[in-house]
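Per the numbering used here, the very first residue in the sequence shown carries number 298; after that it's consecutive.
By construction, the Cβ of each residue, glycine as well, lies at the ideal position given by its N, Cα and C atoms.
Reading through the structure tokens given below for one structure.
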Amino acid sequence: MVFWIGLPLVALPLVIHLLNLRRQQRIPWAAMEFLLESQERSKTWINLKELILLLLRTAAIALLVLLLARPTTRSGWIGRLLNRPVHHLIVLDDSYSTTDRWAETTAWKESLGAVRDITDAAADQSTASMITVLRFSEAEVESEDPRPAIFRRPLDAKSRQELISRIETAQPSDTASGILPALRRAAELASLQPAEQDLVVHIVSDFRQHTMEELDTIQQAVASLEAQATEVQFVRTVRQAHENLAITHLAPASGIRAAGVEMWMELSVENYGSTLARDVVVELEQDGSPLVAVPVGDVQAGAKVDRRFRATFVGSGAHWLAGNLDADAVDLDNRRVYATQVPEAQKILLVDGSPKRWESYYLSTALAPGSIKSGWQPEVVTPKEFSKLGSLYPYAAIAILDVPRLSADDLTRLTTFVSDGGGLFITLGESIDREFWSGEAFAAGEGLMPAPPDLPTQWLPSRDDSEGPVADIRVVDHPVFGIFRGERNSMLSLMRINYYYSLKRGWQTENTTDVKTIAKLTDGSPLVVENHFGQGKVVAQLSKVSPDQGNLGSWTNFGMNPAFVVLANELFGYLANGANADHVLTVGEPVRMPLDRNQYVGSGTISRMGKGTPYQATLAADSTTEAMAIVSEPIDRAGLYKLQIDRAAGGIETRLAALNPEPGEGNLQLIADATLRQKFASEQFGLRYADELSSEANPSESNWTEVLLTLLVLALVAEQAMAYACSFHE
């Protein structure tokens, strides 16, 4: 803008003209008298041409000064004519993909640089401008008030400095917040725009392929913004995708989880890059101590590799285990944490309604075979004792074994237990009340019982065992039946069925679409059915497990089969998987921990452990459910969190919770520029890169350079023509 000091030069042609007039002198000469008389006749036309020439020279100098000053005006004819103030709405991508690192910068640094450049350009406008910054993570949070923390901030010197300071200290979130909620929230903010003020929307993002999958829906959201804004500018912060690996899964395989009992852990590594990742290794850490690393090997581009390893948690209480990859473009998804509350032994409640309690005998023997520490602690009760039992919270899973019926209160307690994450196993024998299990318990597909039993049916297989035993049962690929995979499938042929309950006709409705048959007889009749109920699981076997002789005879030989011990452990390991023990969540979720009302008061604190952004808050009881639970606010930072829970008897109990980033956000593949330009093509749309903003005019303004240059050339040509007409070049 220093070139504006050249404006006085516009008067230079006039000054020269006046000086030339002073140099003229009158000299008497007869011939000249004749010429003066002739000139007098055309004086008006000559003066007009000289005036036009003077104006052209003045205009040429004025245009040259303006060209050097590079003036800009807000785009849009109304804005140029009325010179109205502009509101700049910056929609800022702060998802964790913006931590993408290359050379000496990151996508987030490029984003902040773009925000600064837009702010500086807006502050240089001739009229008062305003800035709003809406972060993607802010748009994910439901709120009656759509306004973000930085809303319609004026750009006077003080406010501008405060805004720049706040921007420079901002950090990206650990969330996978998408562009669509941000666009919808931006449209809400645009509806608050005063009519007398122009709106320019700047969407600052890396525009990854996975965030733009709903391209048609995103286009509609952008069109909604364009209807309310003068311009919608896409500001891209990344020019090319970078290689990145991520740990996308770390959790126990189904099975027992108890102190001192070895268990299998599963992990998955995904290659989001475009080249082969060689010799990948995951470093393990348990309770702060290193473990033997897990070799993953080569991971093809776009592929995922699964690995299993053994782990043992020594001692009961809160424990954690973490996997780590070497540093790459995105650090956040190189680490994944698992946290759990390990008991000395997992309690299993066996409610036995069979006449001689044989059902619980075979199950409890399989789960806790004498002196061997299995990690299970089965507890056997009768249906009457079950009704008098207090809280069901201490149990990882419950088995209802040939129980005739349950009272309404017991059914409600059991329903709440399963809904909160507990596991339930049901067996049906000759003792059951069929009307109850097909009526109240099934509840037309909305109850605990996955399917309604009809009549006891004798299984009469048509088989020829002359060349070896033929199986009565067919199983699907399911964690419970892992014992029967591969070469061990021959063990399945040793399991015999004599009686089972057929199911009522027409029982399958829209309420039972999630019910799965995981084992069936060779004629296709269901034998074992499963349903996910709330956060828990229900597995129902339409027969007994014990081989005892009832009124009809022996129903099965399961309890005496060598494979039954493994089968029972796999079954309850599957049902108890995560029940009130694992506390592994995704960033953005609240920490919610079910508790026993008799042991806890429903209060406590939560804090973030280790390095990184500190976090500390109080925990309160969840008043929206009947079951006791404490809950935190949604947490937007990944890491390991320590919960200090107040006990009813006094003192504090420590538990752990792990919050991990959502898998997939580390996929750094970009959507093509051509796709964006084609999909969002309109008069109001623009696409530029963040590193270009500092060297170009304000994207919300129009540059007059080309227009002024054209006018200057025309003025010079006209000046030469007029000078020739005035005979100055003869």
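Val-558 and Gly-720 closer than 8 Å at C-beta: no
Suppose contacts are defined by Cβ-Cβ distances below 8 Å. Is Asp-717 in contact with Gly-831 by that definition? yes
Tell me which residues share the same chain as Glu-732 and place their Cβ nearer than 6 Å to its Cβ, disregarding the 5 neighbours each side in the sequence. none
Among Ala-359, Met-746, Ala-574 and Tyr-658, nearest to Leu-1005 - alpha-carbon criterion: Ala-359
When you compare the region 862-872 with the region 884-903, are there three or more beta-carbon pairs, one atom per stretch, that lie closer than 8 Å? no
Report the three-state DSSP secondary structure of Met-788 (helix, strand or coil). helix
Taking only the alpha-carbon atoms, compute the straight-line gap between Ala-436 and Gly-948 and give it to the nearest angstrom. 40 Å
Delimiting residues of the alpha helix (DSSP H) encompassing Pro-478: 476-487
For Ile-697, count neighbouring C-beta atoms within 10 Å of its own C-beta (all shown protein chains included) and say buried if the count is 16 or more, exposed if not. buried
Buried or exposed for Trp-399, please, with buried defined as at least 16 other CB atoms from any protein chain shown within 10 angstroms of its CB. exposed
Cα-Cα separation, Phe-739 to Met-746: 5 Å
Grab the span of the alpha helix (DSSP H) containing Phe-683 for me, first residue to last. 680-685
Counting along the chain, where does the beta strand (DSSP E) carrying Phe-982 start and finish? 982-986
Assess contact between the region 644-653 and the region 619-627, defined as three or more Cβ pairs (one per stretch) separated by less than 8 Å. Is contact present? no
Rounded to whole angstroms, what's the CA-CA distance from Glu-459 to His-384? Just pull it up for me. 18 Å
Considering only C-alpha positions, which residue in the set Gln-755, Thr-809 and Leu-581 is nearest to Asp-820? Gln-755
Under 8 Å: do the region 603-615 and the region 636-645 share three or more Cβ pairs, one atom per stretch? yes
Can you tell me which of the three DSSP states Ile-927 falls into? strand
Does Gln-494 come out as helix, strand or coil in the three-state DSSP assignment? coil
By Cβ distance, which residues of its chain are closer than 6 Å to Pro-996, with the 5 residues on each side in sequence left out? Only weak support is given to the placement of Pro-996: the predicted model assigns it a pLDDT of 49, under 50, and the question is left unresolved by the model.
By Cβ distance, which residues of its chain are closer than 7 Å to Glu-465, with the 5 residues on each side in sequence left out? Leu-409
The beta strand (DSSP E) spanning Lys-908 covers which residue range? Neither: Lys-908 is in no beta strand (DSSP E) and is coded neither H nor E.
Which one of Ser-394, Ala-487, Thr-403 and Leu-916 has the shortest CA to CA distance from Asp-471? Ser-394
If we ignore side chains and look at the alpha-carbon of each, how far apart do Ala-816 and Tyr-658 end up? 23 Å
Looking at Asp-707 and Ser-728, is the spacing between their C-beta atoms short of 8 Å? no
With a floor of 3 residues, list each beta strand (DSSP E) that falls wholly inside the region 815-864, ordered by position along the chain. 823-830 and 833-838
For the alpha helix (DSSP H) containing Phe-433, list its first residue and its last residue. 433-437
Which stretch, first to last residue, makes up the alpha helix (DSSP H) that contains Glu-523? 512-523
Going by C-alpha distance, which of Ala-492, Ser-440 and Ala-420 is nearest Lys-455? Ala-420
Spatially closest choice to Leu-791 from Ala-768, Asn-808 and Lys-813, by CA coordinates: Ala-768
Please confirm if the region 885-902 is in contact with the region 570-579, defined as three or more CB-CB distances below 8 Å between the two stretches. no
Short check: CB of Ser-565 to CB of Val-602, under 8 Å? yes
Between the alpha carbons of Pro-382 and Asp-943, how many angstroms are there, rounded? 56 Å
N- and C-terminal bounds of the alpha helix (DSSP H) containing Asp-417: 404-420
Taking 6 Å as the limit between beta carbons, can you name the residues of its chain near Gly-376, skipping five residues before and five after? Legend: pLDDT at Gly-376 = 41, less than 50; position of this residue unreliable, value from coordinates given subsequently. Within the same chain, Gly-376 has close Cβ partners Asp-495.
For His-880, the three-state DSSP class (helix, strand or coil): coil
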